[in-house]
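Engineer:
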Amino acid sequence: MEGIHPGSKRYSEFPYSFVCLPPPLAERNANHIGVSLAYACRYWADHLSLVALPKNLTENCVRMVDEVVRTRLLYWIEALSLLGDIYVAMPSIAEVGHWYSVCLQRILH
Numbered sequence: 081m082e083g084i085h086p087g088s089k090r091y092s093e094f095p096y097s098f099v100c101l102p103p104p105l106a107e108r109n110a111n112h113i114g115v116s117l118a119y120a121c122r123y124w125a126d127h128l129s130l131v132a133l134p135k136n137l138t139e140n141c142v143r144m145v146d147e148v149v150r151t152r153l154l155y156w157i158e159a160l161s162l163l164g165d166i167y168v169a170m171p172s173i174a175e176v177g178h179w180y181s182v183c184l185q186r187i188l189h
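Take 81 as the starting number for the sequence shown in the working numbering and just add one per residue.
Printed below as a string of structure tokens:
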């Protein structure tokens with residue numbers, strides 16, 4: 081148990097935090113994320129929040145966004161982390177949540 085406490089020798093010798101990848105691995109993986117995918121990861125929620133849908137398309141778009149969030153959310157977070165842009169995740173999730181609630185209100189009324 082001694083090795084997991086902040087003051088212990090093993091903890092202080094651990095070179096990286098548990099949430100960060102070592103620089104060589106992060107650089108290698110970030111290099112495999114293309115410019116277009118990096119842009120999409122950073123800004124998709126901004127673009128989505130600007131979409132004003134006609135009522136007849138709202139339900140289909142909500143379903144598509146729901147599917148993306150349910151099946152790709154962890155991949156998106158991983159890509160942001162590798163790009164060094166994990167700080168984008170929480171504001172983006174809040175933006176998508178707001179867009180989603182506005183759309184649901186339109187569907188229900």
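Backbone N, C-alpha and C fix where the C-beta goes; we use that ideal spot for every residue, glycine too.
Who are the Cβ neighbours of E175 in its own chain at under 6 Å, not counting the five residues just before and after it?
Structural biologist: Once the five neighbours on either side are set aside, the close Cβ partners of E175 are A125, S129.
Engineer: Find out if the Cβ-Cβ distance for the pair C121, A159 is shorter than 7 Å.
Structural biologist: Contact: yes.
Engineer: Can you give the Cα-Cα distance for L117 and L188, rounded to whole angstroms?
Structural biologist: When rounded, the distance between both Cα atoms is 34 Å.
Engineer: To the nearest angstrom, how far is it from the Cα of T151 to the Cα of R143?
Structural biologist: Roughly 12 Å separates the two Cα atoms.
Engineer: Could you check what DSSP says for D165 in three-state terms: helix, strand or coil?
Structural biologist: Coil at D165, not helix or strand.
Engineer: Using a Cβ-Cβ cut-off of 7 Å (strictly less than) and excluding sequence neighbours within five positions of S172, which residues of its own chain qualify?
Structural biologist: A125, listed in sequence order.
Engineer: How big is the Cα-Cα spacing for L162 and Q185?
Structural biologist: Going by the C-alpha atoms only, they are around 35 Å apart.
Engineer: Cα separation between V168 and H127?
Structural biologist: Distance between the alpha carbons of V168 and H127 is about 14 Å.
Engineer: Assign P134 to one of three DSSP states: helix, strand, or coil.
Structural biologist: In this structure, P134 counts as coil in the three-state DSSP scheme.
Engineer: Leaving out five residues on either side along the sequence, give the residues of the same chain with a beta carbon under 6 Å from the beta carbon of E139.
Structural biologist: The answer, listed in chain order, is I187.
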